[in-house]
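Chains A and B supply the protein sequences, listed in that same order.
Every letter in the first sequence is one number past the one before it in my numbering, and letter 67, counting from 1, is 67.
Each position in the second sequence, counted from 1, maps to that position plus 129 in my numbering.
All C-beta atoms in this analysis are idealised placements derived from N, C-alpha and C, irrespective of residue type, glycine included.
Written out below as structure tokens is the structure these notes cover.
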Amino acid sequence: MGAPQNLRYTKDHEWARLDDDVVTVGITAYAQDQLGDIVYVEAPEAGARVAAHETFGTVESTKSVSDLVSPVTGTVSETNDRLVTDPAVMNSDPYGEGWIMKVAVTNPSELQALMTAEAYEAYVGSLGH
Amino acid sequence: MKPTPLHDRHVALGGRMVDFAGWHMPIQYPAGQVEEHRCVRTSAGLFDVSHMGQLRFRGPDALDVVNRLITNDLAAVPVGKAQYTAFCRDDGGILDDAICYRLAEDDVMVVVNASNTARMVAWTAERATGLARPVDQSEGWALLALQGPEAPALLERILPGGAAMAPYAVRAVTEDLIVASTGYTGERGFELFVRPEAAGALFDRLVADGAHPIGLAARDTLRLELGYALYGNELDLTTNPLEAGLGWVTRLDKAGGFIGRDALLAVKAAGVQRRLVGLEIVGRGIARHGYPVLSSTGEVLGEVTSGTQSPTLGRAIAMAYVRRPHDAVGTTLAVDVRGRPVEARVAKPPFYRPPVRPL
Numbered sequence: 001m002g003a004p005q006n007l008r009y010t011k012d013h014e015w016a017r018l019d020d021d022v023v024t025v026g027i028t029a030y031a032q033d034q035l036g037d038i039v040y041v042e043a044p045e046a047g048a049r050v051a052a053h054e055t056f057g058t059v060e061s062t063k064s065v066s067d068l069v070s071p072v073t074g075t076v077s078e079t080n081d082r083l084v085t086d087p088a089v090m091n092s093d094p095y096g097e098g099w100i101m102k103v104a105v106t107n108p109s110e111l112q113a114l115m116t117a118e119a120y121e122a123y124v125g126s127l128g129h
Numbered sequence: 130m131k132p133t134p135l136h137d138r139h140v141a142l143g144g145r146m147v148d149f150a151g152w153h154m155p156i157q158y159p160a161g162q163v164e165e166h167r168c169v170r171t172s173a174g175l176f177d178v179s180h181m182g183q184l185r186f187r188g189p190d191a192l193d194v195v196n197r198l199i200t201n202d203l204a205a206v207p208v209g210k211a212q213y214t215a216f217c218r219d220d221g222g223i224l225d226d227a228i229c230y231r232l233a234e235d236d237v238m239v240v241v242n243a244s245n246t247a248r249m250v251a252w253t254a255e256r257a258t259g260l261a262r263p264v265d266q267s268e269g270w271a272l273l274a275l276q277g278p279e280a281p282a283l284l285e286r287i288l289p290g291g292a293a294m295a296p297y298a299v300r301a302v303t304e305d306l307i308v309a310s311t312g313y314t315g316e317r318g319f320e321l322f323v324r325p326e327a328a329g330a331l332f333d334r335l336v337a338d339g340a341h342p343i344g345l346a347a348r349d350t351l352r353l354e355l356g357y358a359l360y361g362n363e364l365d366l367t368t369n370p371l372e373a374g375l376g377w378v379t380r381l382d383k384a385g386g387f388i389g390r391d392a393l394l395a396v397k398a399a400g401v402q403r404r405l406v407g408l409e410i411v412g413r414g415i416a417r418h419g420y421p422v423l424s425s426t427g428e429v430l431g432e433v434t435s436g437t438q439s440p441t442l443g444r445a446i447a448m449a450y451v452r453r454p455h456d457a458v459g460t461t462l463a464v465d466v467r468g469r470p471v472e473a474r475v476a477k478p479p480f481y482r483p484p485v486r487p488l
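In structure tokens:
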């Protein structure tokens with residue numbers, strides 16, 4: 001699956017999408033493929049503060065646990081309830097129904113520092129897979 | 130990393146290859162771990178387990194020679210049957226868990242874990258006493274495991290009459306083909322020992338007939354649902370069979386004794402300090418290897434040896450060593466999941482019991 005053009009990406013394989021002042025965050029197709037079958041997601045509650053480059057939760061697959069690293073700084077406005085009962089949607093639709101949280105950001109320009117789809121695909125290509 | 134005779138097929142099928150005990154093995158194929166797991170529970174899966182080791186004991190005293198090395202009593206089963214056992218050091222620590230196959234009165238094959246093959250070759254050479262000397266045949270056999278409710282029908286297509294075996298039986302069909310009704314999934318199934326040069330054609334035929342290739346990741350969740358021990362997780366040199374739930378394969382009164390018996394008699398007399406138990410995870414989270422097990426007041430009682438989300442049950446399960454007397458079935462404990470206590474309950478494996486199907 002190619003990385004959608006309308007998203008920005010981190011080296012930790014999260015994506016971010018800005019709509020007005022709210023950024024939606026998820027993990028990339030590459031991340032879900034590397035993780036394997038996702039069975040559990042731990043995400044912050046609405047109202048929690050998250051910070052760019054800092055861990056905001058964990059994602060567990062049948063074989064491993066990985067930290068989720070926030071691409072942006074702000075206050076969580078909503079988390080994806082569906083992940084509680086159907087975490088596998090992160091595998092099947094990582095850029096859509098598998099989103100993790102929405103963050104009301106204080107500084108939308110933070111996104112400019114993240115990779116474009118082209119840059120991210122080049123980065124993944126450099127990882128040797 | 131060593132390739133198995135099926136290595137190129139795994140790669141061609143899109144298998145994700147990893148290092149496992151020095152072997153280059155498929156952890157999963159494109160279908161993915163959960164789907165592979167489901168295939169074994171509902172149809173038939175095919176595993177390459179050629180990395181496992183084979184030790185062959187041939188000679189008039191083969192049975193006695195092996196029996197002095199193992200905790201179980203191989204004399205209790207007839208020729209044509211297989212038996213699960215542990216091997217212990219003098220101090221009672223577990224060297225390996227293995228299956229012994231009685232191929233003939235004077236012929237026993239022992240299948241050991243890949244991670245322990247080199248050590249078991251050396252140890253049996255040093256400690257075996259008698260005419261039947263252990264011969265390392267690991268390079269001479271490829272091993273395919275065909276497991277699942279449709280396994281008998283698939284085997285019948287390539288070996289008519291071959292599936293008519295009771296569980297834990299073995300038959301040397303020819304010098305170059307041994308069929309055993311053993312496995313590591315809890316399902317009906319077979320392990321097929323074939324020569325390395327014949328493995329590819331057999332693998333292709335079984336896949337063409339509908340067997341699903343299964344990687345090591347699903348092999349692990351399948352065995353964990355049954356509560357089967359994995360050497361390196363539940364078992365190692367610091368564990369003994371009495372605390373590891375292997376008392377049922379430890380015959381302390383066996384005629385002739387065995388290596389490690391005296392140490393295990395002392396353990397039994399003193400009483401074991403901890404036991405391997407099953408844990409059903411009640412709270413949200415997955416217990417993983419090495420996570421501490423806590424009492425309801427936060428006291429550390431032991432450690433998780435294996436844990437996963439059970440694909441069949443849809444909830445988290447684990448195995449753990451727990452200090453007595455906190456090991457009773459039904460006891461409420463907690464697992465420290467990265468600093469967060471998650472409620473767990475002691476349970477008696479198997480967590481999942483495959484439905485009984487007609488032979």
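Q: Look at the alpha carbon of B:Thr303 and the alpha carbon of B:Arg187, and state the distance between them as a whole number of angstroms.
A: Straight across, the Cα-Cα distance linking B:Thr303 with B:Arg187 is about 16 Å.
**Q.** Interface partners of A:Tyr40 on chain B, CB under 9 Å
**A.** Near A:Tyr40 (Cβ distances below 9 Å), the residues of chain B are Arg413, Gly414, Ile415, Gln438 and Ala445.
Q) Cβ of A:Tyr9 within 8 Å of Cβ of A:Tyr95? A) A:Tyr9 is not a Cβ neighbour of A:Tyr95, given a cutoff of 8 Å.
Q. Taking the Cβ atom as the reference point for each residue, do B:Gly174 and B:Ile307 lie within a distance shorter than 8 Å?
A. No, they are not a contact pair.
Q. Near B:Ala298, which residues of its chain fall below 8 Å by C-beta distance, leaving aside the five closest residues on each side in sequence?
A. Within the same chain, B:Ala298 has close Cβ partners Gly209, Lys210, Ala211, Ala309 and Ser310.
Q: Mind checking who B:Cys229 pairs with in its DSSP beta bridge?
A: Partner(s): B:Gln212 and B:Val239.
Q: Could you tell me which residues DSSP puts in a beta bridge with B:Asp100?
A: Look at the range of chain B in this structure, 130 to 488, and you will see that residue 100 of chain B is not part of it.
Q) Which residues in chain B sit within 7 Å of A:Glu60, going by Cβ to Cβ distance? A) Chain order gives the chain B residues near A:Glu60 as Ile415, where near means a beta carbon separation below 7 Å.
Q: Starting from B:His153, follow the beta strand (DSSP E) in both directions and report where the run begins and ends.
A: Where B:His153 is concerned, the enclosing beta strand (DSSP E) stretches over Trp152 to Gln157.
Q) Checking contacts by CB at 8 Å: is B:Thr314 closer than that to chain A? A) Not one chain A Cβ lies under 8 Å of B:Thr314.
Q | Contacts of B:Thr246 in chain A (Cβ-Cβ under 7 Å) | A | Per Cβ cutoff of 7 Å: no residues; B:Thr246 is ~24 Å from chain A at best.
Q: Check B:Gly431 in the structure and name its three-state DSSP category.
A: Residue state, collapsed to three classes: strand.
Q.
Using 8 Å as the cut-off, can you tell me whether the region 355-362 of chain B makes contact with the region 242-253 of chain B, which would need three or more C-beta pairs spanning the two stretches below that distance?
A. By the criterion of at least three beta-carbon pairs nearer than 8 Å, the region 355-362 of chain B is in contact with the region 242-253 of chain B.
Q) B:Thr350 versus chain A: which residues are under 7 Å apart at the beta carbon? A) Using a Cβ-Cβ cut-off of 7 Å, B:Thr350 is close to Thr62 of chain A, given in chain order.
Q: Anything in chain A within Cβ reach of B:Gly161, meaning under 7 Å, just list it in chain order.
A: The contacting residues are Gly36 and Asp37.
**Q.** Identified DSSP bridge partners for B:Met448
**A.** Paired residues: B:Gly407 and B:Ser435.
**Q.** chain A contact residues for B:Gln276, given Cβ-Cβ distances below 9 Å
**A.** Against chain A, the beta carbon of B:Gln276 has no neighbour under 9 Å; the closest one sits roughly 18 Å away.
Q: For the alpha helix (DSSP H) holding B:Pro325, just list the boundary residues, first then last.
A: Start and end: Pro325 to Ala337.
Q. Closest Cβ-Cβ distance between A:Val89 and chain B: below 8 Å?
A. Answer no: the Cβ-Cβ gap between A:Val89 and chain B never drops below 8 Å.
Q. If you check the beta carbons only, do B:Leu423 and B:Val451 fall under 8 Å apart?
A. Taking the C-beta atoms as reference points, B:Val451 is found no nearer than 8 Å to B:Leu423.
(Q) For chain A, check one thing: does any of its Cβ atoms lie closer than 8 Å to the Cβ of B:Ala537? (A) Not covered by the structure: residue 537 of chain B. The range shown for chain B is 130 to 488.
Q.
Strictly below 7 Å CB to CB, what residues from chain A border B:Gln157?
A. Chain A residues near B:Gln157: Gly36.
**Q.** Cβ-Cβ distance between B:Val169 and B:Thr314 below 8 Å
**A.** If you check the CB distance, B:Val169 and B:Thr314 come in under 8 Å.
Q | Where the beta strand (DSSP E) containing B:Pro263 begins and where it ends | A | That run of the beta strand (DSSP E) goes Pro263 to Asp265.
Q.
When you compare the CB of A:Val69 with every CB in chain B, is at least one pair closer than 8 Å?
A. Not flagged as an interface residue toward chain B: A:Val69, since no C-beta distance is shorter than 8 Å.
Q | Segments of 4+ residues assigned as alpha helix (DSSP H) that fall wholly inside the region 372-426 of chain B | A | Qualifying alpha helix (DSSP H) stretches, in chain order: 390-399.
Q.
Suppose the cutoff is 7 Å on Cβ atoms and the five residues either side in sequence are ignored; what does the same chain contact list for A:Gly36 look like?
A. Close CB contacts of A:Gly36 within its chain, under the 7 Å cut and outside five residues either way in sequence, are with Ser61, Thr62 and Lys63 (chain order).
Q: Determine, using beta carbons only, whether A:Val65 comes closer than 8 Å to chain B.
A: Yes, A:Val65 lies at the interface with chain B (some Cβ there is under 8 Å from its Cβ).
Q | Neighbourhood of B:Leu331 by C-beta, 6 Å cutoff - its chain only, sequence neighbours within 5 removed | A | Here the set comprises Val323.
Q) Tell me the DSSP bridge mates of A:Ile38? A) According to DSSP, which records beta bridges pairwise, A:Ile38 is partnered with A:Ser61.
Q: Report the rounded CA-to-CA distance for B:Gln162 versus B:Met130, giving the unit in angstroms.
A: In this model, B:Gln162 and B:Met130 are separated by some 23 Å (Cα to Cα).
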